[in-house]
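Trainee:
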Ligand SMILES: [Zn+2]
Ligand SMILES: [Zn+2]
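Numbering (the working numbering), first residue to last: 126 to 367.
What follows is the structure in structure tokens.
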């Protein structure tokens, strides 16, 4: 299925409404689209947002499959994410992402913290990554390496094979994010070799973004990097939650 399951709307920091994003996905020839706005634990608008997306599933039926989602950042070394547990049953997909690297006691490392060694940052990142893989709230591991690049840490400095094996065991989906990933990255090659379920997404924040990014989404999908059966994944997940 040609789809884009990581997009943002005006409910968070996107420029367009969910309707405009979905309409664009239809025009691009996608068969599925998810709106996955950024949330915080305190985002009181999530129930209304989820209800709105349920309505859009009905409105766009027969034209495209609409999925509801949220994107929440990892907060702590324990792999907790910035989403209220009450949000989870309201949406189809939860993206867990690294927007910051957690440190002990609820702090984050900053790129200008010159005194923190790169090894320590990788250790903290690895610990929160592994714990997030155990977190049943999370479905999709979104752009897991992007934040490390901000610290000048390249993926060849990371235990990629071990990481990919851990994702495989966890049953979670690895996102290939066209904003952050290029095809020569080891994580993509290793994930393909290991048969890890992967999802190609654009992380678009506007209609214009979605159009521009669709070139890469389509290319990567055509090359076989879209391996997840998302319908089956969501069905199984909902059955196990009952
Ligand atoms: Zn993100
Ligand atoms: Zn995003």
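Note that the Cβ used here is the ideal one computed from N, Cα and C, for glycine as well.
Source: prediction; values computed, not measured.
Nearest by alpha-carbon distance to residue 126: which of 226, 363, 200, 357 is it?
Mentor: Translated into positions along the chain shown, residue 126 becomes position 1. Among 226, 363, 200, 357, the Cα nearest to that of residue 126 is on 357.
Trainee: Can you tell me which of the three DSSP states residue 284 falls into?
Mentor: Position 159 of the chain shown, counting from 1, holds the residue named residue 284. Coil at residue 284, not helix or strand.
Trainee: Do residue 194 and residue 217 have their C-beta atoms within less than 8 Å of each other?
Mentor: Locating residue 194 in the chain shown gives position 69, where the first residue counts as 1. Locating residue 217 in the chain shown gives position 92, where the first residue counts as 1. Yes, the pair counts as a contact, with Cβ atoms nearer than the cut-off.
Trainee: Determine the contact status of residue 138 and residue 268, defining contact as a CB-CB distance below 8 Å.
Mentor: In the chain shown, the residue the question calls residue 138 occupies position 13. In the chain shown, the residue the question calls residue 268 occupies position 143. Against a cut-off of 8 Å, the Cβ pair of residue 268 and residue 138 comes out as no contact.
Trainee: In chain order, what residues of the same chain have a beta carbon less than 8 Å from the beta carbon of residue 255, not counting five sequence neighbours either side?
Mentor: Counted from its first residue, the chain shown places residue 255 at position 130. Contacts found: 204, 291.
Trainee: Measuring alpha carbon to alpha carbon, tell me which of 360, 363, 333, 324 ends up nearest residue 344.
Mentor: Position 219 of the chain shown holds residue 344. Checked all of 360, 363, 333, 324; the closest Cα to residue 344 is 324.
Trainee: Per the DSSP calculation, residue 329 is bridged to which residue(s)?
Mentor: For the purposes of this step, residue 329 is taken as residue 204 along the chain shown, with counting starting at 1. DSSP output for residue 329 lists 132 as bridge partner(s).
Trainee: Given this structure, state the Cα-to-Cα distance separating residue 244 from residue 188, to the nearest angstrom.
Mentor: Against the chain shown, residue 244 aligns to sequence position 119. Against the chain shown, residue 188 aligns to sequence position 63. Roughly 49 Å separates the two Cα atoms.
Trainee: Taking 7 Å as the cut-off, is the beta-carbon of residue 331 closer than that to any non-hydrogen atom of ligand 1?
Mentor: For the purposes of this step, residue 331 is identified with residue 206 of the chain shown, where counting begins at 1. No.
Trainee: Could you please give the first and the last residue of the uninterrupted alpha helix (DSSP H) stretch that includes residue 183?
Mentor: Here residue 183 refers to the residue found at position 58 when the chain shown is read from its first residue. Counting along the chain, the alpha helix (DSSP H) containing residue 183 begins and ends at 171-184.
Trainee: Ligand 2 heavy atoms versus the CB of residue 300: any closer than 7 Å?
Mentor: Here the question's residue 300 lines up with position 175 in the chain shown. Outside the cutoff, so no.
Trainee: Examine ligand 2 and report whether any of its heavy atoms sits within less than 7 Å of the Cβ of residue 275.
Mentor: To locate residue 275, count along the chain shown from 1; it is residue 150. It does not: the Cβ of residue 275 is nowhere closer than 7 Å to a heavy atom of ligand 2.
Trainee: Identify every residue that forms a DSSP beta bridge with residue 198.
Mentor: Against the chain shown, residue 198 aligns to sequence position 73. Paired residue(s): 222.
Trainee: Tell me which same chain residues have a C-beta within less than 7 Å of the C-beta of residue 258, skipping the five on either side of it?
Mentor: Looking up residue 258 in the chain shown gives position 133. Cβ neighbours of residue 258 beyond the five flanking positions: 291, 292, 295, 297.
Trainee: For residue 316, is the classification buried or exposed, using 16 other Cβ atoms within 10 angstroms of its Cβ as the cut-off for buried?
Mentor: In the chain shown, residue 316 corresponds to position 191, counting from 1. Under this definition residue 316 is a buried residue.
Trainee: Can you name the residues that DSSP bridges to residue 302?
Mentor: What you label residue 302 is simply residue 177 of the chain shown in a count that begins at 1. According to DSSP, residue 302 bridges with 326.
Trainee: Going by DSSP, which residues form a beta bridge with residue 206?
Mentor: Working through the chain shown from its first residue, we reach residue 206 at position 81. In the DSSP output, where bridge partners are listed per residue, residue 206 has 199.
Trainee: Does the beta-carbon of residue 326, which I'm using as the reference point, lie nearer than 7 Å to any heavy atom of ligand 1?
Mentor: As a working note, residue 326 is residue 201 in the chain shown. No, ligand 1 has no heavy atom inside 7 Å of this Cβ.
Trainee: In this structure, how does DSSP classify residue 358 when only helix, strand and coil are distinguished?
Mentor: Within the chain shown, the letter at position 233 stands for residue 358. Residue 358: helix per DSSP, three-state reduction.
Trainee: Report all residues from its chain with a CB closer than 6 Å to the CB of residue 241; omit the five preceding and five following residues, and keep chain order.
Mentor: Taking the first residue of the chain shown as position 1, residue 241 is located at position 116. Here the set comprises 234.
Trainee: My output table needs one value for residue 193: the three-state DSSP class, helix, strand or coil.
Mentor: Position 68 of the chain shown holds residue 193. Looking at residue 193 - three-state DSSP - the assignment turns out to be strand.
Trainee: For the candidate residues 338, 227, 279, 286, whose alpha-carbon lies nearest to that of residue 318?
Mentor: In the chain shown, residue 318 corresponds to position 193, counting from 1. Minimum Cα distance to residue 318 is reached at 286.
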